[in-house]
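These protein sequence lines map, in sequence, to chains A and B.
Residue numbers for the first sequence follow the working numbering, so the first one is 1 and each next one is one higher.
Residue numbers for the second sequence follow the working numbering, so the first one is 1001 and each next one is one higher.
C-beta atoms are modelled at their ideal positions from N, C-alpha and C, and glycine is treated no differently.
Since the structure is predicted, the reported quantities are computational estimates derived from the model, not experimental observations.
Number of protein chains: 2
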Amino acid sequence: MLLPQPAADQIDLATVLTALGDPTRLAIVGYIARNEGVPLNCSQFLDFGSKTNLSYHLAKLREAGITSAETRGTSRFISLRRTDLDARFPGLLDSVIASAIKMPFLLRDSAPASP
Amino acid sequence: MLLPQPAADQIDLATVLTALGDPTRLAIVGYIARNEGVPLNCSQFLDFGSKTNLSYHLAKLREAGITSAETRGTSRFISLRRTDLDARFPGLLDSVIASAIKMPFLLRDSAPASP
DNA sequence: TCCTTTATTCAAAAGTTATTGAACAATTGG
DNA sequence: CCAATTGTTCAATAACTTTTGAATAAAGGA
């Protein structure tokens, strides 16, 4: 079951930029980007903050229209809304991710990043 | 005389995104983008807020590394740091501006926007 | 059913940002 | 020098955001 999220055509630029402007959320987005295809749940982001704080940041990303979350049992599957974002703000997500991915803060554990 | 601004290699992605995430500042950036080449001073942005509030937002943009401001008498010349931003975050400013420029909020007066 | 896992909600506290008006500074022109 | 123009700084306040811990919820397995 899909958690509530804005329709593609209602994604707002300022809201997206504000959501991406937080270092924790930028790190989260970078991490998701480096793990596309891998099923991610919330607890995989515990490095980025406490469980309850993560819930807050992940909700922000979802409400901004940056991520999508699907319920699967007690877990969530989190993914980037690449197609929707690219359609609405062409090039934006790619450029942010390309820059974010270089940030030392993002270079954490368990990712299939090419070295 | 150039007002204080971060060196190109010290421009921070999260700071830039946060600065761009405010609707007033996004409008200001869109306006500058639509008037590149035209000398802009602060009072030309008065549509976007009070004088004192503009001073605040323009300082935010400058401190984030998005704009450059030069003193000329009692006026300032304000411009986008396109080269620096493009070097540091390729494609980011272009995609933001391309999207911002479509926002109805931005379609104000005196600009050479192609209709 | 009961326990564990996974994640959210709530209320409080702490921190940050935006907005305002009054006072200030610096430059230009008469 | 005086006044006008242009923009900044300051202090106050209002509004929002982030972080926290405790309580809650919902699903799945023993």
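Out of the options, state which residue places its alpha-carbon closest to the alpha-carbon of residue i.
i: SER43/A; options: SER55/A, ARG34/A, ASN35/A, ALA33/A; result: SER55/A
i: LYS102/A; options: ALA7/A, GLY49/A, VAL29/A; result: VAL29/A
i: GLN5/A; options: ARG72/A, LEU80/A, ILE97/A, ALA87/A; result: LEU80/A
i: ALA87/A; options: ASN1053/B, ARG1082/B, ALA1087/B, ALA1098/B; result: ALA1098/B
i: PHE1048/B; options: THR1071/B, THR1074/B, TYR1031/B; result: TYR1031/B
Give a yes or no on whether the C-beta atoms belonging to residue i and residue j are separated by under 9 Å.
i: ASP1022/B; j: LYS1060/B; result: yes
i: GLY1091/B; j: ASP1012/B; result: no
i: VAL16/A; j: PHE89/A; result: yes
i: ALA1100/B; j: ALA1014/B; result: no
i: VAL1096/B; j: LEU1020/B; result: yes
i: THR74/A; j: THR1018/B; result: no
Tell me which same chain residues have a C-beta within less than 6 Å of the C-beta of residue i, skipping the five on either side of it?
i: ALA69/A; result: LEU3, ARG62, ARG76, ILE78
i: HIS1057/B; result: THR1024, ARG1025
i: LEU93/A; result: LEU85
i: THR1071/B; result: MET1001
i: LYS1051/B; result: none
For residue i, which of helix, strand or coil comes out of DSSP?
i: THR67/A; result: strand
i: SER50/A; result: coil
i: SER1110/B; result: Caution is warranted here: a pLDDT of 33 is assigned to SER1110/B, below 50, making its placement in the model unreliable, and the coordinate value is therefore given only provisionally. SER1110/B falls in the coil class under three-state DSSP.
i: LEU3/A; result: coil
i: PHE77/A; result: strand
i: ARG72/A; result: strand
i: PHE105/A; result: Low confidence applies here, because PHE105/A scores a pLDDT of 49, under 50, leaving its location unreliable; read the following figure in that light. If DSSP states are grouped into helix, strand and coil, PHE105/A belongs with the helices.
Within its chain, find whatever has a CB closer than 7 Å to the CB of residue i; leave out the 5 residues flanking it on each side and keep chain order.
i: ALA8/A; result: ASP84, ALA87, ARG88
i: ARG82/A; result: LEU93
Leaving out five residues before and five after residue i in sequence, what residues of the same chain have Cβ atoms less than 8 Å from its Cβ?
i: ALA111/A; result: Legend: pLDDT at ALA111/A = 34, less than 50; position of this residue unreliable, value from coordinates given subsequently. These residues qualify, in order along the chain: TYR31, ARG34, ASN35.
Short-range partners of chain B found in the region 73 to 107 of chain A, where Cβ spacing is below 8 Å: Those would be ARG88, PHE89, PRO90, GLY91, LEU92, ASP94, SER95, VAL96, ALA98, SER99, ALA100, MET103, in chain order.
Interfacial residues, the region 1022 to 1045 of chain B to chain A, with Cβ spacing under 8 Å: ASP1022, PRO1023, LEU1026
Interfacial residues, the region 1056 to 1069 of chain B to chain A, with Cβ spacing under 9 Å: none
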